[in-house]
Structure formats: C-alpha cells, structure tokens
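Asks: Count along the sequence shown from 1, then add 1; that gives the number in this note's numbering.
We treat Cβ as the ideally placed atom computed from N, Cα and C, and that holds for glycine.
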Amino acid sequence: MKIAYVDFYKDSKSDKSTSGVERKINAQMKALGQLGEVVRHSYDNQSGGRLIAFVRMVTRRLPFFPSKVAYRYDSSYDGTDAMYFRKTTLDSFAVRFFRDVKKHNPKCKIVMEIPTYPYDKEMTSLIEWPRLIKDRWSRKKLKHYIDRIVTFSDDNVIFGIPTIRTMNGIDFDTVPLREVHANAEVEIHTVMVANFASWHGLDKLIDGMIKYYSELPKRRFVLHIVGGGKVVEIEKARVSHSIVSDHVIFHGPLVGLDLQVIYDQVTLAIDICDVDEHGLFISSSLKTREYVAKGLPVVGAIEIDLSRSMNEYFYRFKNPHCIDVREMIDFHDSIYHDNESYHSVPLKIRELAKTVCDIHVVMNPVIQFFQIHKVDEKKYEK
Numbered sequence: 002m003k004i005a006y007v008d009f010y011k012d013s014k015s016d017k018s019t020s021g022v023e024r025k026i027n028a029q030m031k032a033l034g035q036l037g038e039v040v041r042h043s044y045d046n047q048s049g050g051r052l053i054a055f056v057r058m059v060t061r062r063l064p065f066f067p068s069k070v071a072y073r074y075d076s077s078y079d080g081t082d083a084m085y086f087r088k089t090t091l092d093s094f095a096v097r098f099f100r101d102v103k104k105h106n107p108k109c110k111i112v113m114e115i116p117t118y119p120y121d122k123e124m125t126s127l128i129e130w131p132r133l134i135k136d137r138w139s140r141k142k143l144k145h146y147i148d149r150i151v152t153f154s155d156d157n158v159i160f161g162i163p164t165i166r167t168m169n170g171i172d173f174d175t176v177p178l179r180e181v182h183a184n185a186e187v188e189i190h191t192v193m194v195a196n197f198a199s200w201h202g203l204d205k206l207i208d209g210m211i212k213y214y215s216e217l218p219k220r221r222f223v224l225h226i227v228g229g230g231k232v233v234e235i236e237k238a239r240v241s242h243s244i245v246s247d248h249v250i251f252h253g254p255l256v257g258l259d260l261q262v263i264y265d266q267v268t269l270a271i272d273i274c275d276v277d278e279h280g281l282f283i284s285s286s287l288k289t290r291e292y293v294a295k296g297l298p299v300v301g302a303i304e305i306d307l308s309r310s311m312n313e314y315f316y317r318f319k320n321p322h323c324i325d326v327r328e329m330i331d332f333h334d335s336i337y338h339d340n341e342s343y344h345s346v347p348l349k350i351r352e353l354a355k356t357v358c359d360i361h362v363v364m365n366p367v368i369q370f371f372q373i374h375k376v377d378e379k380k381y382e383k
C-alpha cells in the first residue's frame, strides 16, 4: 500500500528536530508504515524575503488566492492508495487538490486530521475573518472527497463526514522515563513547558505562587518555567521584584538532555492554567503526553482527555480564575504518599499512559480504516 502523508509545516525555518509537531508527524508516519510505503509531502510557503511574506499575508485573505498553500496534484501522488492530510486553513486550492487525488486515484481513501474542533472562534478577529469565510465555503464541498475526519473531539460527524475519534499521541520509544526524585517531603518541584501565549495562564499561575508565599508557608514549592514568549518576559520582570523570585525559575526554551535535566528534578507537571477563550474545554496537547510518558502526574485548569482513562493522575483546579497552590500540594501528596511511591509512581503512570496515548494505540483506528477498505477492494477484484 502506498500512503501519502500531507502536511503544512508552518515552523519550517526552525529546527524541526526539536519541534513537538515534527516529532508527532514522524511518529504518525512510523505507525502508518506498517501498512506499506509512506511518502511525505510537506508544503512550505515561507521561502522568500520580507516583501514576499507581506504580499502573502495580504493575498491569503483575498478570494482566489491560497489561504496557506497552493496545493496542486502532481505525478508523485500517482498510485496512492491512502492519504493522511493534516488540515490547515481550507480554500478552493485544497478542494481542487482533493478532487484531483480522487480523479487520478479513484480507490484512494482520504483521511483528514483536524487537531482542534470546533475552531471557528480562533478566526474571529477582523484580520482573520476573510480566511474564515473561505474556510466555511470550502468545507461544504469536503464530503464529496474526504472519507473520514480524524478528530480529538467527541463529534461523530464533522462537515457531513463520519469521524474517526481518537486523541493526540506520541512515540513512547523516543521519550525516556524521568529519574526518581524523592525529596519532595521537604520541597516540591514542578514544571510547566510550553511555547507560551496568554491562554496558557502563566500570569494566573504566578498569581497563585505569590498568594501562597504571602501566607509564609513552611513547605517550599518551586516552579520551573521552560519555554519562551512575550508573556514569559512580562512574568520574568514581575517575578524579579516579588516574594517568589527565589521560587520561580525561568529556564528559557530547552530540548533534549537539557530538558531531561529539568524533568529529573520535578515530581509534578502543569498544563494550561486558564479557561480557554476560544471555547475549547478539553486539552489534548502533545505536552501532556510528554508529561505522562516521563511519569509525571498533571494539574491544570481545563479537562485533559487523558484523565478519562487515568483519572487518578490528573487534577483540575477547583477555581481556574484563582489558582490555589495548596490544591496542587494536596494532590501531589495524594500521589506520593510514602517514600516507596516516589520510585513506583513514575513507571505506573508511564505504563498506563502507554496503553492510552502511545502513537500506535491512537493511530490504530486510522490504520484499521485503511486496512478494511483495502481488503474490501481485493474482495471486489476477485
């Protein structure tokens, strides 16, 4: 079986080897590889200088211009039996591309992944509105060409197309278990890793830290912040002049062994700390998969999809608008209730998570869909 993996990689100028999205793409291709040959078609519209970038920024919002990439069929797609397409903004170019794939490969089954659904509220700003209009117009035509939509939501049908419901996953073989850290009876070290934006709620987390230390607690609670962004710079300035300056540590962006060093120091991980302003109330982030693969329990402000299968290792803040550090400490101590648990819990979390969100588990419904239709074709040919 020949499988085409089609993606638009928006961070193409960065080091892809350090990107969580790139690692996910490689993991998905690895899983699909059990079906046959996987050929990646990765589109990039970031070549050129600032002038070209400005022209693209303007034209992508105009009718008859691509919103992201001018997808076009070429001979490299000939003979494709299955296609896995990672959605970007939809437009007439994407629709024509799907039409041509089906025209040249009538038996090809096309599956489109929509990482976030619903997503319209992410495009409601005045500058994004033209692209949303094009997306809404194009999505009406998808049911003629797309066979299934992969979603991390609970929807059975999207855009009139049946869904394959699954969740985000990672390749556990590429994520080592953290080292055991057993001094949390004296002080708790926790970590939050992200490319930070306002919706991560870092400000609310820092507010909670300041409130905790204003009460002169006996137990030290240390927060490690890994990642960059404008909000990080704002919070660094605020922390430097506050009572938590010795308890909040900013490491900047880290990868590989440098990040592993931080993971080996902590016993708790933190996900999004704010209620999502776009109306998304379930987190399916890749970072939470990395946390549990490392063997860390996770806290956050919104529901994490993994909590449905491994609830005891997740905690959702009672009041996401006012984060209480003592809640995190109580949850932490309910997990690590004696010295032995510091050694046993990491492996327990990882082994359970592997049965839920390893890439081979989450991609299995997609693989079964492709396999079933390939078998049906062979029966029909006979």
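1. How would you write the range of the beta strand (DSSP E) that Lys110 sits in, first residue to last?
2. Once the 5 residues before and after Asp156 are set aside, which same chain residues still bring their CB inside 7 Å of it?
3. Are there 16 or more other CB atoms within 10 angstroms of the CB of Arg221, so buried, or fewer, so exposed?
4. Do Leu348 and Leu178 have their C-beta atoms within less than 8 Å of each other?
5. Using only CA atoms, which one of Met311, Cys109, Phe153 lies nearest to Ile4?
6. Among the candidates Pro64, Glu304, Thr90, whose CA atom is the shortest distance from the CA of Val70?
7. Compare the beta carbon distance of Val233 and Phe197 with 8 Å and say whether it is the shorter of the two.
8. His361 by DSSP, collapsed to three states: which one?
9. When we look at the beta-carbon of Val187 and count the other beta-carbons within 10 Å, is it buried (16 or more) or exposed?
10. Run the proximity test for Lys319: is its beta-carbon closer than 7 Å to any non-hydrogen atom belonging to the ligand GDP?
11. Would you report the Cα separation of Asp265 and His42, rounded to the nearest angstrom?
12. Leaving out five residues before and five after Gly202 in sequence, what residues of the same chain have Cβ atoms less than 7 Å from its Cβ?
13. Is it buried or exposed for Asp148, if we count other Cβ within 10 angstroms and need 16 for buried?
14. Grouping DSSP H, G and I as helix and E and B as strand, with all else coil, what is Asp325?
15. May I ask you to list the residues that DSSP assigns as paired with Lys355?
Replies: On the basis of the supplied data:
1. The residue labelled residue 110 in the question sits at position 109 within the sequence shown. Under the DSSP assignment, Lys110 falls in the beta strand (DSSP E) whose first and last residues are 110–115.
2. Against the sequence shown, residue 156 aligns to sequence position 155. Excluding residues within five positions, the ones whose Cβ falls inside 7 Å are Tyr118, Thr164.
3. Along the sequence shown, read from residue 1 onward, the residue named residue 221 stands at position 220. Arg221 is classed as exposed because its beta carbon has fewer than 16 other beta carbons within 10 Å across all chains shown.
4. Position 347 of the sequence shown, counting from 1, holds the residue named residue 348. Position 177 of the sequence shown, counting from 1, holds the residue named residue 178. A contact, by the Cβ cut-off of 8 Å.
5. Here residue 4 is taken as the residue at index 3 of the sequence shown, counted from 1. Ranked by Cα distance from Ile4, the first of Met311, Cys109, Phe153 is Cys109.
6. The residue given as residue 70 occupies position 69 in the sequence shown. Checked all of Pro64, Glu304, Thr90; the closest Cα to Val70 is Thr90.
7. In the sequence shown, the residue the question calls residue 233 occupies position 232. In the sequence shown, the residue the question calls residue 197 occupies position 196. Against a cut-off of 8 Å, the Cβ pair of Phe197 and Val233 comes out as a contact.
8. Here the question's residue 361 lines up with position 360 in the sequence shown. DSSP places His361 in helix when its eight states are reduced to three.
9. Mapped onto the sequence shown, residue 187 falls at position 186. A residue is called buried when at least 16 other Cβ atoms come within 10 angstroms of its Cβ; Val187 does not meet this threshold and is exposed.
10. In terms of ligand content, the structure shown is empty, and the ligand GDP therefore cannot be addressed.
11. Within the sequence shown, residue 265 is the residue found at index 264, counting from 1. Within the sequence shown, residue 42 is the residue found at index 41, counting from 1. A direct Cα-Cα distance of roughly 37 Å separates Asp265 from His42.
12. Numbered from 1 along the sequence shown, position 201 holds the residue referred to as residue 202. Excluding sequence positions up to five before and after Gly202, its CB lies within less than 7 Å of the CB of Ile273, Cys274, Asp275, Ala302, all in the same chain and listed in chain order.
13. Taking the first residue of the sequence shown as 1, we reach residue 148 at position 147. The residue in question, Asp148, is buried, as its Cβ has 16 or more Cβ neighbours within 10 Å.
14. As a first step, residue 325 is located in the sequence shown; it is residue number 324 there, counting from the start. Asp325 falls in the coil class under three-state DSSP.
15. In the sequence shown, the residue the question calls residue 355 occupies position 354. Paired residue(s): none; Lys355 is not in a bridge.
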